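Enquirer: Below is a structure I'd like to ask you about.
Residue numbers (our numbering), protein chains in the order written: chain A, 264 to 617; chain B, 264 to 617; chain C, 264 to 617; chain D, 264 to 617; chain E, 264 to 617.
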């Protein structure tokens, strides 16, 4: 999540619709998996090229074509020609720094969004882009690298459990969106735990390190927000029900996903609010500690400076200093000093510094 | 109110519409109470299963089915099949971390919101979720645990007082919403008192503890806000009068509830404004006190450093120091010191430090 | 203006439409005054009950019924039955903690807003609620206690001056609204003067007291804003001209009141901006003074510490310290000290600390 | 620009539409100038009363009536009766504290806005209100005092240059608006220069004076904003082309004025952003200087306190202090002191304080 | 990017539509290049005057007229008369301080926007204004000086590569817009790198210089924002498809440019967020360092002040000070001092200051 800007500059000067992969290549090979199912049966096979997928296109049942690895320009070009995609869609699939968006090309809907997961090993949020192309009977999903968040869905389709087998490609698309946004909640919980522990640290023992951790979390919230805010528009665009590709029965489900998105957004805003509140607390605790330090210094100085001065007076070498000759001079002066110290301490106690 | 994030992650990987209870289980048993009434008569009985409630469904009069305890998945499934509810509604009822919302399923309206109460014992706001299903003649309310805020309503129905006996299920739903939002005012008053006492503390005797209490209240406001803001949409959705389930005469009453919601929101925003103003005051009072501490230190140092230096000079052991031999040397030097001290004090008085 | 929250909790548990007076009782008795006029004649009399007012209701001419004191529930119930008001309207009249609002009940319009005045004696803004019920030919105004801001209007009606005698009840309602909002300007001017004097104090001689006064004014702005913002909606609701009760010729006048409301809102926002700017100035002046204090301390310490150290050296009692024997040792060391002091002062002058 | 609030309170209690001049009287006399022109000819004369202007009203050609000085209520009353103006328009003309607005009275359009100019002598922005009444063939402009910003326009009309002679009163109104808003750019440039010089001062040599100058500019921006923001609505109201008084060919020109208004608003917002950024810089520079001061103090104290202590030890008068007798005691102790000082300096250098 | 305000004041007093060049003259000569092409052929030639371009105007194929240098008023006047442009368009072309905008004049569309590039040599963003006039078959582009960002487009047209040769002038306009906004990404990347390196500097070794660099970047973001925000409106105005000059097939491409604009805006907002977060970090690091400095001072003072005081006591010259005579007095007092120092250090360690 540390990248501030994409490496889009690589594309400058190329004609629009040029296919150039932008982003890090996350997998070696490109794997195409075709899953074809209807209420009765289920098939799953690996395909070497997109041409193998064409037969399923208009046939009965639902076809889910999943592509892991999107860095091969030629493969994408094949996809485009097989399924009649607009060159700009292909360009967007290759550019892994897209803002989530939904585009309705009448015969298909193009959706791009991010799979966000917390990478325990790196201690930061990891972002993979997924493109969905929803056509009649067919859903094509393209990801930067294989992901494990769809495994339960694949299991359910295989076992014939759930509604997914009896519904079309639009319900499948919903199921994938639902799984992706469910993982946002996992991420949000992780960050919530971090914020809670940071808050405790802050209230008990704030250190300069704390402010850096607050900064780090705020920075992550900025990026999360950038991924989630446009999502609202994406889902609400689907849920508005203007496309013939989405059946009415699926709209209720999309409304549910929409609610979840709003909830994620709400929580992100809440976290931002809390983090900026925590920074205020930190700054006030730093000020308080400075105050405490300065009080110690002032108390010490205020007590010992007058005493040292008195000692300095009777350390002078004047010939005629009658006090020096008095037998009780020394104890008297010690008592005076004690009185001054006691008075000073009483003064500070009254000022509530002690 | 301390929970930052729900435990939704428990649901990740499950098919949409899976019934899983999310949240803390707040009661042991599930209690179903059926209240059936019209202008003439009133019945109240406990039901063991939802099947017992079916006879009342289409009959004349109004039926209020109240469920305390929503953690039993099987009970909910029964409810769904008896009353023909959408699986997503059942899922939402079970998930006690919902954002308040209103969904119109034509034959029924689903409303979910929070009962907020101030728990004196814990010193914090306690949040219980309530789901309302408003169908023709029937209102179903589902809560995490028994609540006492509906007791006056039940009394009024029993005694045949008020309009509630003569109107339908929509008026009953309004009465419950009104009672819930009336309790928000109680909560708001509690918090208002806390803010007032905090403000007094702040202006008279600000302590590092004060800032933590401000932070605590700000945090509670963040959560309150999250509960109340979506409510505006919920009530305005009902009040728009698009559903055939809500009679025109009830719309005036809903407009009243809407006004109350706006008033709660207004007050929450006012409190947020005040709390952030209080933090500013706190920070400026810390700065002022630092200034005061530093002035004491500076005054002491500025008076005693020169005096100690003079005493130091006449403490030197040079052989030829003519002043030491003067008979008036000692008193003269004491007078000089006094003059310096007086001059310094005058200087500070002119600078308004004293 | 110190009340943070209403005592609405008193109503919790009561049925909707219950008549309970909320707020402070500001007058002993309830006084009903009926004024009836048309272009030719004018009558004014006190009424003991609302029944006396009924004859005027549909007759020709305009009737203005003014009620001072709204704490008697029975009186209000009478009013409701005489003029056929909705129970929620009566409830709202009794609740003196209303948010300004306008409700169109077809046969009458209900308006509630605040009369804001500056109480010189208490040094704060005083808030009285006024309810207006505009029916055909009749305007009913209900206030917590007698107010003097309508006296000029009554005089004009009596003397037959101005347009008010020739127009209907809607113009009368406009005249009252205009008078109320004109008094907002008086209030705004008072606060403007306070802010100006505070600003001068801030730039010339900021004291810890200043920040408390800024806080006090900010707090008053928060409450003023709460009273004025909803007013915009109220007036714009009237001015939209959707009610048959308001004649087209009155709409121009309402647009004028609307402009005034916007102007009050603008000024309130300007004041808020200025007050938060003033807090910034205050904080930077505190920092500057801290800097000044620290410079004094540092200059004193930097000059006298080295000098005291040198004096300390020649105060040591070593047997073999050749300098002590030199005849010019003492004057030489004094010169050295002087040189160090001069050098230090030059150093501080170059650093612009002096 | 120092006035915070208008003296509107003077009007409190008067009937609506009362003609009272609010504001400072800026000129002694009231001067009415009538300019009548069409493509062929041009006339200019002073008029003593508005009656003289009536003949031009419906005749062919365009008439521009300019009034300098608006404090005479009787003159305004004449204007109203001659041209059939609504009493509220007359009231608004007299009140020189108006918010810019545009009101369409079908037979004429009333526009009020501010002429803002930078008064070099006073060092602040000067604000004069101008009212424009655009009727068929006639434009009436009323100002508080004579202004020089219309001189080039008058010259162009006289000389028959530019489009203005061939177009109607609406184009003339546009020309005046354009001239007024062009002067906003002059003002904006002046303020821009001030901000630039202030920024340089801030980065090179920030002084407590700087923050007061920032505050002064921020305050001016608040007032400028109050004048310019409503202007957008005014011009967009004209440009929407709903009035028959404005010809289609003029709409393109009004769109241009609209663009300029947006540009002024943009720049004001940019200035506000910059000024608040500059305050942050100032505060951080104050903190940095405090840090620098404290480092000097700490370095001095840390070096001389231990040394003075050592000197103090050997200044004690104990009988049995063997070191005092050593021949090398004195030079040894001096070397030790030097070593401590060098060590301390090295320590501070490593801490990057030097 | 340092100019705060344009030199528009130069135009004050001139009639609307006056042609005056505003801004810096960036090139000596004015160069007109005409490129005419269709699917079969391509011509490119320099034109001395605009009259030479007229033959291409209505002929088949697409004509692109590029003008480098816009400071010659006469050339512009020629352009206006040849192509029938509105005087305000010519005025806008000459004024190089325009806000990006799009104006539809039915027979042509006028677009003005900025080419933003990072000038490595100056270390700041450089801004050149470009005007596009899209008529049927013809596109006219006018720039302040020659730019290199269109070279790849010209190459593609020459070589007959890409879609551009087969489509009309609207696609050509899109291609130019696309190239311009692609360069915004290059700029954004540059700034992103600067922010990243600044952030590292901030977390590792914050210096007063850092805050000035943050300020500099914030200032650049303010100006970038001013260039980019209005662009959204421009592109969305084109993409809405209301003009007959833009073919439906081009709309998909414009939507793509629109997405890119949103992405640039998003990134700018993200950068602003990050920069203000960085300032907070800086301020808290300054406070922390002040705290550290003060702790060193307090520790030193707290240890050495009591010790120096004790040394001072035994430096007094009283006749009767029994301790001075004790043989173990000196070592005992040294031990006492050591104990005090150790105790103080333990105290500070417990307070976590060491």
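By construction, the Cβ of each residue, glycine as well, lies at the ideal position given by its N, Cα and C atoms. Predicted, not measured: the structure shown is a model, and the values here were computed from it.
#1: Can you list the residues of chain D that residue 574 (chain E) reaches, using a CB-CB cut of under 8 angstroms?
#2: How would you call residue 574 (chain B), buried or exposed, if buried means at least 16 neighbouring beta carbons within 10 angstroms?
#3: Considering only the alpha carbon of each residue, which of B:451, B:403, B:499 and B:481 lies closest to residue 439 (chain B)?
#4: Quick one: list the residues of chain C neighbouring residue 479 (chain B), beta-carbon separation under 8 angstroms, in chain order.
#5: Name the residues in the segment 360-392 of chain D whose C-beta lies less than 9 angstroms from a C-beta of chain C; which are they?
#6: Just to check my reading of the structure: residue 504 (chain D) and residue 511 (chain D) have Cβ atoms closer than 8 angstroms, yes? What is that Cβ distance to the nearest angstrom?
#7: Under DSSP, the alpha helix (DSSP H) around residue 356 (chain A) begins and ends at which residues?
#8: Quick check on residue 540 (chain D): buried or exposed, where buried means 16 or more other Cβ atoms within 10 Å of its Cβ?
#9: Helix, strand or coil: which one does DSSP assign to residue 537 (chain E)?
#10: State yes or no: is the beta carbon of residue 492 (chain D) nearer than 9 angstroms to at least one beta carbon in chain E?
#11: Have a look at residue 360 (chain C) and residue 286 (chain C) and give me their C-alpha separation to the nearest angstrom.
#12: Whose Cβ in chain A lies nearer than 9 angstroms to the Cβ of residue 275 (chain B)?
#13: Taking C-beta pairs closer than 9 angstroms, name the residues in chain A that residue 474 (chain B) reaches, listed in chain order.
#14: Can you check whether the C-beta of residue 329 (chain C) is within less than 9 angstroms of a C-beta belonging to chain D?
#15: Give the interface partners of residue 564 (chain C) over in chain B, defined as CB-CB distance under 8 angstroms, in chain order.
#16: At a Cβ cut of 9 angstroms, what residues of the segment 501-519 of chain B count as close to chain C, listed as they run along the chain?
#17: Along the chain, where does the alpha helix (DSSP H) that runs through residue 495 (chain C) open and close?
#18: If I'm right that residue 351 (chain C) touches residue 515 (chain B) with Cβ under 8 angstroms, what's the distance once you round it to whole angstroms?
#19: Output yes or no for whether 9 angstroms exceeds the beta carbon distance between residue 443 (chain B) and residue 376 (chain B).
#20: Output, in chain order, the set of chain A residues within a Cβ distance shorter than 9 angstroms of residue 590 (chain B).
#21: Determine which residues of the segment 312-340 of chain A have a Cβ less than 7 angstroms from any Cβ of chain B, and write them out in chain order.
#22: Using a Cβ-Cβ cut-off of less than 9 angstroms, list which residues of the segment 276-289 of chain E approach chain D; keep chain order.
#23: 9 angstroms is my cut-off, CB to CB: does residue 607 (chain E) come that close to chain D?
#24: Taking 9 angstroms as the CB-CB cut-off, is residue 299 (chain A) touching chain E?
#25: Are the segment 456-465 of chain C and the segment 383-398 of chain C in contact at 8 angstroms, needing three or more beta carbon pairs?
#26: Find the residues of chain D that neighbour residue 526 (chain C), judging by a C-beta separation of less than 7 angstroms, and give them in chain order.
#27: For residue 369 (chain C), is the classification buried or exposed, using 16 other Cβ atoms within 10 angstroms of its Cβ as the cut-off for buried?
#28: Report the rounded CA-to-CA distance for residue 497 (chain D) versus residue 508 (chain D), giving the unit in angstroms.
#29: For the candidate residues E:545, E:569 and E:579, whose alpha-carbon lies nearest to that of residue 465 (chain E)?
#30: Check whether the segment 575-589 of chain C and the segment 571-587 of chain D are in contact - that is, three or more C-beta pairs closer than 8 angstroms.
#31: Can you pull the DSSP bridge partners for residue 331 (chain E)?
#32: Go through its chain and collect everything with a Cβ distance to residue 492 (chain A)'s Cβ below 8 angstroms, but skip five positions before and after it.
#33: Rounding to the nearest angstrom, what Cα-Cα distance links residue 265 (chain C) and residue 331 (chain D) in this structure?
#34: Taking Cβ positions only, does residue 354 (chain E) come closer than 9 angstroms to chain D?
#35: Does residue 264 (chain C) come within less than 9 angstroms of chain B when only Cβ atoms are used?
Expert: For this structure:
#1: When 8 angstroms is used as the limit between beta carbons, residue 574 (chain E) is near these residues of chain D: 572, 575, 576, 578 and 579, in chain order.
#2: Under the 10 Å beta carbon count, residue 574 (chain B) is surrounded by 16 or more other beta carbons and is classified as buried.
#3: When only C-alpha atoms are compared, the closest one is B:403.
#4: None at all; the shortest Cβ gap to chain C is about 17 angstroms.
#5: Here the close residues are 360, 361, 362, 364, 366 and 368.
#6: About 7 angstroms separates the two Cβ atoms, so the contact holds.
#7: For residue 356 (chain A), the enclosing alpha helix (DSSP H) starts and ends at 350-357.
#8: When all chains shown are included, residue 540 (chain D) counts as buried.
#9: Collapsing the DSSP output to three states places residue 537 (chain E) in a helix.
#10: By the rule that beta-carbons nearer than 9 angstroms mark a contact, residue 492 (chain D) does not touch chain E.
#11: Answer to the nearest angstrom: the Cα atoms are 7 angstroms apart.
#12: Chain A residues near residue 275 (chain B): 412, 415, 442, 445, 446, 448 and 449.
#13: By Cβ distance, chain A contributes 543, 544, 547, 548 and 551.
#14: Residue 329 (chain C) does not count as touching chain D.
#15: 564 and 568, listed in chain order.
#16: Residues 515, 516, 518 and 519.
#17: Where residue 495 (chain C) is concerned, the enclosing alpha helix (DSSP H) stretches over 471-502.
#18: Here residue 351 (chain C) really is in contact with residue 515 (chain B); their C-beta atoms are around 6 angstroms apart, less than 8 angstroms.
#19: Cβ distance < 9 angstroms, so residue 443 (chain B) and residue 376 (chain B) count as in contact.
#20: What residue 590 (chain B) touches in chain A: 582 and 583.
#21: Cβ contacts with chain B come from no residue of the segment 312-340 of chain A.
#22: Among the residues of the segment 276-289 of chain E, those with a Cβ less than 9 angstroms away from any Cβ of chain D are 276, 277, 278, 279, 280 and 281, in the order of the chain.
#23: Taking Cβ atoms only, chain D never reaches closer than 9 angstroms to residue 607 (chain E), which makes this a no.
#24: Residue contact with chain E for residue 299 (chain A): absent (no Cβ-Cβ distance below 9 angstroms to any residue of chain E).
#25: No: the two stretches stay apart, fewer than three of their Cβ pairs being nearer than 8 angstroms.
#26: The answer, in chain order, is 362.
#27: With fewer than 16 other Cβ atoms within 10 Å, it is exposed.
#28: Taking the Cα positions, residue 497 (chain D) is about 15 angstroms away from residue 508 (chain D).
#29: Closest option to residue 465 (chain E), Cα to Cα, is E:545.
#30: Yes: the two stretches touch, three or more of their Cβ pairs being nearer than 8 angstroms.
#31: Residue 331 (chain E) pairs with E:294 and E:406.
#32: The beta carbon of residue 492 (chain A) lies closer than 8 angstroms to those of 528 in the same chain, with the five residues before and after it left out.
#33: Residue confidence for residue 265 (chain C) is low, a pLDDT of 45 falling below 50, so the modelled location carries little weight and cannot support an answer.
#34: Yes, contact with chain D.
#35: Here residue 264 (chain C) scores only 41 on pLDDT, less than 50, and its place in the model should not be relied on; the value that follows carries that caveat. Judged by the 9 angstroms Cβ criterion, residue 264 (chain C) is not in contact with chain B.
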